[in-house]
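Chains as they are written, first to last, in our numbering: chain E, 1 to 351; chain B, 1001 to 1351; chain V, 2001 to 2351.
In structure tokens form, the structure reads like this:
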């Protein structure tokens, strides 16, 4: 239980505090474990070590809510990834903007009209696939964004700076969202900008999510801006004994000259209570359909088992293998055609 | 209300805790909004985007007080600027030392003798103009330090590392402070050092602040150290329906050889409750009086409207325009003689 | 008292909360003071300033414990050094990995089997000498690691990334620990790896600590890995009026080719209540016994006085002088044979 909730519970029980009281909540995850990573290259390609974020990115955050009355609330959130294996944090590493790279937002939530947030936040496409991926797009083993969309949204790339996002309230399970990320290139409203639209239905055992995202490239010559257009459609159905996950994505990179890039993605997954824990597995494909592309497809299989010690702490183990065709490298692959794999076992603690 | 205060309130009400109990307070501001910024350069000079700190720099801090008895307290404060639009934080950007760039202090406060703080903190000149500027030297629209002192104290430059500062208690409204920043250059007590003296009177509707600051330049050849000497005098008078703000500054840069730099500054400002919010406006001048300087003056007009949703959350909008003479560029100007402007609308939430 | 403890105390007293409740504790130290540092070089070698960490490194941390039942607990800790004199923090400076450079750990603690922690943490050798050094290996004046082990473990170098550490519970005062730090070099389990073993006995006035550490160098050519093998043995005995400290260390650097490095260290120290405070002093030697080494020994004397204003806040002053033989420079020495010294006076506040 968070400190602020504790304090509020005490106040609520004993002091009859006004409902508008709010506070900062300090929260986060420390996830560390042994990992054996193989890039699949010829020769000495395996690295053993203690890695951060095997199941979920280690992180620290600060967030809060203020009740403004009349069904209106102010919200803020600041959240940073932590490289807990070395401590290194708040610095810009690969696929990480540095600082509060995960969330840096403030906005308003209305019980009538929904929520508007400004700042750095998840794209609507990431909002969709996070709900569909058995691994919740988390960790180093199974995250869907690792090969979906040809890898262009992996890790921190599913987050947008300088953005405004609207999320509707839920109406009988239906919910929509829309986001716009400013490109902030002088004299151009297009370069580096980003927009997305999402629609979802979550009710009982069924969850269906659709999202579309357009990312314009940054380019000094505005006529040379390429546009990466990504559609995502996914669903999960919870049968109780097992939950099925299915996803499809279509990505097109419109280049001003030359062949456009075309990629299709498929994912089938399951999650199920097994013994004292839960098993997660997925099989995903990145099908490169660009005109002229030869042997550039990638397939990935991932499986993980999670065992809860409490609601906040669990042990986990996982394995994944990525198979690259002869002329492509995705995942942690070091060279075209190599097949990277990872095995891990660790502990994740939420605070 | 802060967590610590909550907890203390509970303790106070139910546990009869000793008055010396203290704690860490986590606090901050997230301020984000739409901004349209024009450098005033020829061609494509306008950038639209979501910017951090339109009204006040986004920040996160940790502070606390310990009652040592006999009217003595120990104090500490750690405060960092947040670039909430991209999340990037704790890194050294322009005019930002990185880390806890705003405050990193520890010291003692005596009910009899006043307060001594060590570390990184605001200069006494910044302490003065923060009180006089209608914009409190905050935000991207109207901050006084943007053109005052020829722009040499803008943003983070009004803060001093490696410093000791004494602030007296208030005597019938009179209050004095003095600061010294060590230069920390081996073998020289002068190079890079900084000292300042301030005196203020705040009583009823009147607030008068005077401060003087001397900054020695860092220079390998000690004989070449230049000294930037800045005087600031300002006052505000609150008539109730309107508060008037006036400021004057005189800056001299003593160069060991060649012409000394000379700058005069003037500011007139108002702040007033208008409708459901408050309006702030200022007109400021940087008059370059250096011998031989031609067409190097700058004028700036800024106006802002702030509407409170609560004590902690408000909406704001603002506009400012800086007019540079033909041979000077201050503010966000890209080229001599250009006239930068900014319009913004945003939300500021304090936690 | 920490916020979380406050909240828990309130809960415990009034709400009869379950024992498993836990929380985040925000804690730290801000230690700032005047320091006059002389590198001992010819000419202008003295620097005066306000320095951070004169007695203990300034730091901020987040930690917590979750009771999992059956004598099992989950633990995490994130702790970062703060350069409180300039605010600069979370960045990688000399002897500092950046981010949460002091601790970034998660693990399990069993009332039966002891504690296992993963991540970045202190080496077992540092765990030992921290207990024996009168200065607790803290601050800029007397830290033992400044010259022990030929300076190879000074500051942040006594901490290990990518590591797993086991610490036993205490049995009649006996306690053991063991750590392994993965080298994380592809294809090599040796390069850059680190392991250590420690054994201690602490009972009544006596504390004896032994630890051994082996650090393999990182080297592209695996046959060229050198091994730094360090033994440490220390004890303290508290006579009440005075506590005696003694330490011995033996370090051997096995080079694949050429002469191995050999270093012996000795420390004698006292700590004693004197007047209203406590005095700490030590005399330490780094004896370079490498074959062929001439005039490469270093001796260091350090003394400090600490005066408590409360349990959390104290004033301190200290002085140390390092004497380098003609062909060696350790400590803050700038050139072979120079004798660096430091004097400081400051305030340390724990929150």
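The beta-carbon is built from N, C-alpha and C at its ideal position, and this holds for glycine as well.
For residue i, the residue or residues it bridges with in DSSP
i: residue 2106/V; result: 2076/V, 2118/V
i: residue 1034/B; result: 1050/B, 1345/B
i: residue 1199/B; result: 1176/B, 1210/B
i: residue 1301/B; result: 1283/B, 1321/B
i: residue 230/E; result: 213/E, 251/E
i: residue 266/E; result: 248/E, 285/E
i: residue 66/E; result: 74/E
i: residue 238/E; result: 243/E
i: residue 2316/V; result: 2306/V, 2346/V
i: residue 2187/V; result: Partner(s): none; residue 2187/V has no beta bridge.
i: residue 1060/B; result: 1028/B, 1080/B
i: residue 272/E; result: 279/E
i: residue 1261/B; result: 1253/B
i: residue 1165/B; result: 1117/B, 1179/B
i: residue 1194/B; result: 1181/B, 1215/B
i: residue 171/E; result: 174/E
Cβ of residue i within 8 Å of any chain V Cβ
i: residue 1088/B; result: no
i: residue 30/E; result: yes
i: residue 304/E; result: no
i: residue 140/E; result: no
i: residue 46/E; result: yes
Cβ of residue i within 8 Å of any chain E Cβ
i: residue 1043/B; result: yes
i: residue 2257/V; result: no
Sequence-distant residues of its chain with Cβ nearer than 8 Å to residue i (five each side left out)
i: residue 1128/B; result: 1198, 1200, 1209, 1210, 1211, 1232, 1234
i: residue 137/E; result: 126, 129, 130, 143, 144, 145, 158
i: residue 1050/B; result: 1032, 1033, 1034, 1035, 1085
i: residue 1191/B; result: 1183, 1185, 1216, 1217, 1218, 1219, 1222, 1225
Contacts of residue i in chain B (Cβ-Cβ under 7 Å)
i: residue 162/E; result: 1049, 1050, 1085, 1086
Same chain, Cβ closer than 7 Å to residue i, neighbours up to 5 away in sequence not counted
i: residue 2314/V; result: 2306, 2307, 2308, 2348
i: residue 2022/V; result: Reliability fails at residue 2022/V, whose pLDDT of 45 lies under 50, so the model's placement of it is uncertain and the value that follows must be treated cautiously. Here the set comprises 2064, 2065, 2066, 2067.
i: residue 2039/V; result: 2045, 2332, 2333, 2334, 2338, 2340
i: residue 2121/V; result: 2103, 2105, 2159, 2160, 2163, 2165
i: residue 111/E; result: 71
Contacts of residue i in chain E (Cβ-Cβ under 9 Å)
i: residue 2351/V; result: Correct list: empty, because the minimum Cβ distance to chain E is about 14 Å.
Amino acids of chain B, ordered along the chain, whose beta-carbon sits closer than 8 Å to that of residue i
i: residue 2347/V; result: 1074, 1106, 1107, 1108, 1118
i: residue 2033/V; result: 1118
Cβ-based neighbour list, residue i, same chain, cut-off 6 Å, excluding 5 preceding and 5 following
i: residue 1160/B; result: 1123, 1181, 1194
i: residue 352/E; result: Outside the displayed span of chain E (1 to 351) sits residue 352/E, for which this structure offers no information.
i: residue 1343/B; result: 1036, 1319
i: residue 2168/V; result: 2114, 2175, 2176
i: residue 12/E; result: Since pLDDT at residue 12/E reaches only 35, below the 50 mark, its modelled position is unreliable, and no value is offered.
i: residue 1077/B; result: 1063, 1103, 1105
Chain B within 8 Å of residue i, Cβ atoms only
i: residue 2309/V; result: yes
Neighbouring residues, chain V, relative to residue i (Cβ below 8 Å)
i: residue 242/E; result: Ordered by position in chain V, no residue passes the 8 Å Cβ test against residue 242/E, which lies about 28 Å from the chain.
i: residue 352/E; result: This structure cannot speak to residue 352/E, because chain E is shown only from 1 to 351.
Under 7 Å by beta carbon: chain E residues contacting residue i
i: residue 2182/V; result: 48, 49, 50
i: residue 2253/V; result: Those do not exist, as residue 2253/V stays about 24 Å from chain E at its closest Cβ, beyond 7 Å.
Residues from the stretch 97-131 of chain E in contact with chain B, defined by Cβ distance under 8 Å: 97, 98, 99, 100, 101, 102, 103, 104, 105, 106, 107, 108, 118, 119, 120
Contact set between the stretch 1184-1209 of chain B and chain E, restricted to residues whose Cβ is under 7 Å from the partner: none
Chain-ordered residues of the stretch 268-293 of chain E with a beta carbon less than 8 Å from chain V: none
Members of the stretch 52-86 of chain E near chain B, C-beta cut-off 7 Å: 62, 64, 66, 68, 74, 76, 78
Selection of the stretch 1312-1336 of chain B by Cβ proximity to chain E, strictly under 8 Å: 1312, 1313
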